[in-house]
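Trainee:
There are 2 protein chains.
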Amino acid sequence: MGKDSRFLAGFDLGGTKMMAGVLNDKMEVLSRSKKKTRGKSEEGDTFKRIADCIRDACKEANVDPKDLAGIGVGSPGPLDPVTGVIGETVNLPTDLREFPLKARLEKEFGCPAEVDNDVNMGTLGEFAFGAAKKGRNVLGVFPGTGIGGGLIIEGQLFRGSSGAAGEVGHVVMDPAGPRCGCGKRGCLEAYASRLAIVARALVLLLRGEAPALAKEVGLNPGDIKSSALARAIEGGDKLLEEAIRETAFRVDTVIGSLINVISPDTVVLGGGLVEAMPALYVEEVTAGAKKAALGFLFKDVRIVTAKLGDDAVMMGAASLIATALAAKEKPKDKS
Amino acid sequence: MGKDSRFLAGFDLGGTKMMAGVLNDKMEVLSRSKKKTRGKSEEGDTFKRIADCIRDACKEANVDPKDLAGIGVGSPGPLDPVTGVIGETVNLPTDLREFPLKARLEKEFGCPAEVDNDVNMGTLGEFAFGAAKKGRNVLGVFPGTGIGGGLIIEGQLFRGSSGAAGEVGHVVMDPAGPRCGCGKRGCLEAYASRLAIVARALVLLLRGEAPALAKEVGLNPGDIKSSALARAIEGGDKLLEEAIRETAFRVDTVIGSLINVISPDTVVLGGGLVEAMPALYVEEVTAGAKKAALGFLFKDVRIVTAKLGDDAVMMGAASLIATALAAKEKPKDKS
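As they're listed, the protein sequences go chains V and C.
Under the numbering used here, the first residue of the first sequence carries the number 1, and numbering increases by one thereafter.
Under the numbering used here, the first residue of the second sequence carries the number 336, and numbering increases by one thereafter.
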């Protein structure tokens with residue numbers, strides 16, 4: 001089979017695990033392959049693991065890696081989506097910092113590659129294949145360890161002039177507020193990320209006010225994952241639920257404000273916290289955003305949860321490379 | 336001369352005054368004509384005044400109104416930019432509410448017309464001809480009696496899915512904050528519009544702490560215009576200056592947050608307050624936005640003041656109709 005066979009690889013490069021998927025020309029996922037991002041030797045061989053992971057997915061799909069028409073990658077930022085060079089990304093092994101991932105993949109597999117940040121790819125995945133499929137202007141918001149955001153504007157992924165638009169987690173709610181990981185004060189992330197929730201949960205644990213959570217995690221903050229929080233709420237921890245609803249309300253206020261400025265037709269919520277507690281988040285976001293948004297801007301907005309789960313970034317990355325390949329093939333006047 | 340003569344009219348429909356301009360095919364302004372929006376009889380003849388104002392501008396430019404190729408209008412919203420129907424706009428005479436302005440102008444002048452909101456047209460004017468000419472992604476922010484905003488995305492006016500994107504004044508800073516004119520709480524406008532500044536200035540006047548402003552306006556809040564505030568600051572009212580800088584700082588926080596989400600290359604500041612105190616606003620906005628925006632998103636953003644003054648809306652409206660006419664003429668594959 002030649003390159004016209006149109007198999008694509010989508011790749012989700014995460015801080016702890018990586019996943020490759022192989023798709024056919026109907027954008028159906030034929031196979032998936034997963035690996036831990038960090039090997040035993042810890043550093044130095046991460047690119048080899050990435051390439052092996054892609055080859056494993058090809059094998060699983062009965063596709064010769066030579067028949068890949070293109071590879072799309074979603075990676076934690078900062079990175080340069082034009083050159084495909086990873087930046088000083090704290091969440092990845094050190095051998096990937098300042099690493100020319102696009103160029104290395106193109107050399108390794110002999111086909112075009114594109115690299116963009118994982119939140120953009122998650123938003124694009126949900127737009128192309130998932131919960132935001134009917135949208136044209138889409139705001140993706142992903143509360144987890146941080147709070148990421150992505151934008152689809154008039155049917156296209158929008159990166160802004162810097163290439164890094166969508167930093168919803170760094171909308172400032174109060175310039176005198178708590179310090180954020182970015183060094184500024186009062187960012188949404190400082191109020192409503194999983195870390196902020198962990199801090200509030202710990203206070204409840206120390207006071208003995210979250211007994212169900214205590215059964216899950218003892219007093220170990222490292223164990224307070226989104227899923228443990230969800231189970232503790234189901235187990236009856238009312239004050240914990242209240243605390244999480246309060247942080248969700250912060251997210252909603254920002255979403256409502258952004259509805260006023262950007263006027264999307266669809267808001268898609270994803271990320272670890274939302275996946276663990278979808279009903280709570282959709283409830284709070286719908287109520288809170290309605291309160292913050294102007295009526296005539298809010299009335300036709302759909303607020304939905306991500307549908308693709310672990311596949312979102314991988315499938316968004318496959319959509320990215322598919323679009324890039326299509327743009328290369330079409331004559332200029334169709335661009 | 337036939338319709339290929341390519342004269343255009345731009346029209347700025349304001350709450351107190353209206354202005355028509357006639358432009359040639361090089362988008363040079365040949366003439367301007369102004370009228371008060373409300374006539375002696377107050378209501379019922381506003382459309383006639385609009386048409387007369389356009390004809391006056393044509394006469395002044397030696398252009399037969401029959402030779403107009405198109406008319407663009409900027410009007411206070413809400414309005415529907417697709418149908419060109421004015422909504423329940425409180426700032427216009429009542430006979431223009433629910434008024435099909437686009438259709439009536441097309442019938443009256445026998446040429447296509449487009450109607451969009453004044454802040455969008457101001458942003459478009461500065462993008463096409465003024466301070467944001469070099470930009471591709473532009474955020475326009477216009478603090479005045481309200482705080483309006485406009486967006487240019489990838490070189491195109493962006494209206495969002497509702498047609499009414501850009502409501503920067505209704506970004507919520509604190510859901511428990513002061514009540515805004517829109518009915519919500521804690522909107523930027525509630526902290527930083529001219530009305531909010533007037534309220535703070537009045538407190539200073541009542542305390543005898545703004546002597547220069549007292550000379551300008553006595554105790555009459557209706558006289559506290561942007562220009563009076565600017566003169567009072569020049570006259571030495573330090574506490575007044577501090578109050579205005581504090582409100583400007585709120586505007587900056589929102590601009591910084593929006594830089595994080597939208598990543599524009601240019602922020603253009605206009606409106607009554609900025610025109611009266613350009614140095615103060617640019618200073619505060621640059622400092623404040625730098626504080627709120629992430630470094631890698633802020634570093635290449637240009638923050639500039641509007642250049643076109645009273646011409647911005649009229650010229651933006653002319654650009655709107657020029658673009659609409661060009662889109663109609665070009666074959667589909669160039670769209």
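Yeah, the Cβ is synthetic: ideal placement off N, Cα and C, and Gly gets one too.
According to DSSP, simplified to helix, strand and coil, what is C/ARG535?
Mentor: Three-state result, C/ARG535: helix.
Trainee: Kindly say whether V/GLY2, judged by its beta-carbon, lies nearer than 8 Å to any beta-carbon of chain C.
Mentor: With a pLDDT of only 43 at V/GLY2, under the threshold of 50, the placement of this residue in the model should not be trusted; the figure read from the coordinates follows. Not an interface residue.
Trainee: My parser needs the alpha helix (DSSP H) runs of 4 or more residues fully inside the segment 38-120 of chain V; what are they?
Mentor: Fully enclosed alpha helix (DSSP H) runs of 4 or longer: 46-60 and 101-109.
Trainee: Is the CB-CB distance between V/VAL301 and V/ILE259 below 8 Å?
Mentor: Yes, Cβ-Cβ distance for V/VAL301 and V/ILE259 is below 8 Å.
Trainee: Are any of the Cβ atoms in chain V nearer than 8 Å to that of C/PRO416?
Mentor: With 8 Å as the cut-off, C/PRO416 does not count as an interface residue toward chain V.
Trainee: Determine the burial state of V/LYS102: buried for a count of at least 16 other Cβ atoms within 10 Å of its Cβ, exposed for fewer.
Mentor: So V/LYS102 counts as buried.
Trainee: According to the Cβ coordinates, are C/VAL398 and C/PHE346 closer than 8 Å?
Mentor: No, the Cβ-Cβ distance between C/VAL398 and C/PHE346 is not below 8 Å.
Trainee: Helix, strand or coil for V/PRO143, going by three-state DSSP, please let me know.
Mentor: Strand at V/PRO143.
Trainee: Taking Cβ-Cβ distances shorter than 9 Å, what residues in chain C pair up with V/ASP265?
Mentor: Result: GLY495, SER496 and SER497.
Trainee: What residues are listed by DSSP as bridge partners for V/VAL168?
Mentor: Answer is none; V/VAL168 lacks a bridge partner.
Trainee: Is the segment 553-565 of chain C in contact with the segment 585-593 of chain C, if contact means three or more CB pairs nearer than 8 Å?
Mentor: No: fewer than three Cβ pairs fall under 8 Å.
Trainee: Please work out which residues of its chain come closer than 6 Å, Cβ to Cβ, to C/LYS669, disregarding the five sequence neighbours upstream and downstream, and give them in chain order.
Mentor: Confidence is the limiting factor: at C/LYS669 the pLDDT is only 42, short of 50, which leaves the residue's position unreliable and the question unanswerable from this model.
Trainee: What runs of the beta strand (DSSP E), each 3 residues or longer, lie entirely inside the segment 280-324 of chain V?
Mentor: Those beta strand (DSSP E) runs which fall completely within the segment 280-324 of chain V and span 3+ residues are 302-305.
Trainee: Along the beta strand (DSSP E) that carries C/ARG367, what are the first and last residues, could you check?
Mentor: First-last of the beta strand (DSSP E) with C/ARG367: 364-371.
Trainee: Tell me, please, which residues DSSP counts as bridged to V/ASP12.
Mentor: Per DSSP, V/MET19 and V/GLY74.
Trainee: Hey, V/CYS53 and V/MET18 are a contact pair by Cβ (cut 8 Å); roughly how many whole angstroms apart?
Mentor: Sure, about 6 Å apart at Cβ, within 8 Å.
Trainee: Answer yes or no: does any C-beta atom of chain C fall closer than 8 Å to that of V/GLU126?
Mentor: Chain C, which has no Cβ nearer than 8 Å to the Cβ of V/GLU126, makes this no.
Trainee: Interface residues of chain V around C/VAL506 at Cβ under 7 Å?
Mentor: Within 7 Å Cβ-Cβ: SER257, ASN260 and VAL261.
Trainee: How many angstroms separate the CA atom of C/GLY571 from the CA atom of C/LYS401?
Mentor: For C/GLY571 and C/LYS401, the distance between alpha carbons rounds to 54 Å.
Trainee: Would you mind telling me which residues of chain V sit closer than 8 Å to C/ILE406, beta carbon to beta carbon, in chain order?
Mentor: Those within 8 Å of C/ILE406 in chain V number zero; the least Cβ separation is about 26 Å.
Trainee: With a threshold of 8 Å between beta-carbons, can C/PRO411 be considered close to chain V, or not?
Mentor: Chain V, which has no Cβ nearer than 8 Å to the Cβ of C/PRO411, makes this no.
Trainee: Is C/GLY485 helix, strand or coil when you go by DSSP?
Mentor: C/GLY485: strand per DSSP, three-state reduction.
Trainee: Against chain V, with Cβ distances strictly below 8 Å, would C/ILE568 count as a contact?
Mentor: With 8 Å as the cut-off, C/ILE568 does not count as an interface residue toward chain V.
Trainee: What is the DSSP secondary structure of C/PHE673, reduced to helix, strand or coil?
Mentor: Coverage of chain C is limited to positions 336 through 670, which leaves residue 673 of chain C absent and any answer about it impossible.
Trainee: Name, please, each residue of chain V whose Cβ falls closer than 9 Å to the Cβ of C/GLY665.
Mentor: Looking at the sequence itself, residue 665 of chain C is Lys, so the reference to Gly does not match. The premise fails here: C/LYS665 is roughly 10 Å from chain V at the closest Cβ pair, so nothing lies under 9 Å.
Trainee: Taking 7 Å as the limit between beta carbons, can you name the residues of its chain near V/PHE158, skipping five residues before and five after?
Mentor: Correct list, in chain order: LEU151, ILE152 and ALA165.
Trainee: CB-CB under 8 Å to V/GLY243, same chain, minus the five flanking residues each way: which ones, in chain order?
Mentor: The question names Gly, but residue 243 of chain V is Ala in the sequence shown. So the list reads ILE197, ARG200, ALA201 and LEU204, once near-sequence residues are dropped.
Trainee: Note down the Cα distance separating V/GLY309 from V/GLU275, rounded to an integer number of angstroms.
Mentor: Spanning the two alpha carbons is a distance of roughly 8 Å.
Trainee: Check the Cβ of C/VAL503 against every Cβ in chain V and list those closer than 7 Å, keeping chain order.
Mentor: Those are VAL261, listed as they occur along chain V.
Trainee: Return the residues of the segment 282-307 of chain V that lie within a Cβ-Cβ distance of less than 9 Å from chain C, sorted by chain order.
Mentor: Result list: GLY288, LYS291, ALA292, ALA293, LEU294, GLY295, PHE296, LEU297, PHE298, LYS299, ASP300 and VAL301.
Trainee: Anything in chain C within Cβ reach of V/PRO178, meaning under 9 Å, just list it in chain order.
Mentor: Ordered by position in chain C, no residue passes the 9 Å Cβ test against V/PRO178, which lies about 15 Å from the chain.
Trainee: Anything in the segment 127-157 of chain V with a Cβ closer than 7 Å to a Cβ of chain C? List those residues in chain order, please.
Mentor: Going along the segment 127-157 of chain V in chain order, one finds ARG136, ASN137, GLY149 and ILE153 with a Cβ nearer than 7 Å to chain C.
Trainee: If you count every other CB in all the chains shown that lies within 10 Å of the CB of V/LEU8, and 16 or more means buried, which is it?
Mentor: With 16 or more Cβ atoms within 10 Å of its Cβ, V/LEU8 is classed as buried.
Trainee: Using only alpha-carbon positions, find the residue among C/VAL364, C/ASP380 and C/LEU365 that is nearest to C/LYS371.
Mentor: Of C/VAL364, C/ASP380 and C/LEU365, the residue nearest in Cα terms is C/ASP380.
Trainee: DSSP on C/LEU574, reduced to helix/strand/coil?
Mentor: Three-state DSSP puts C/LEU574 in a helix.
Trainee: Can a CB atom of chain V be found closer than 8 Å to the CB of C/THR588?
Mentor: Chain V, which has a Cβ nearer than 8 Å to the Cβ of C/THR588, makes this yes.
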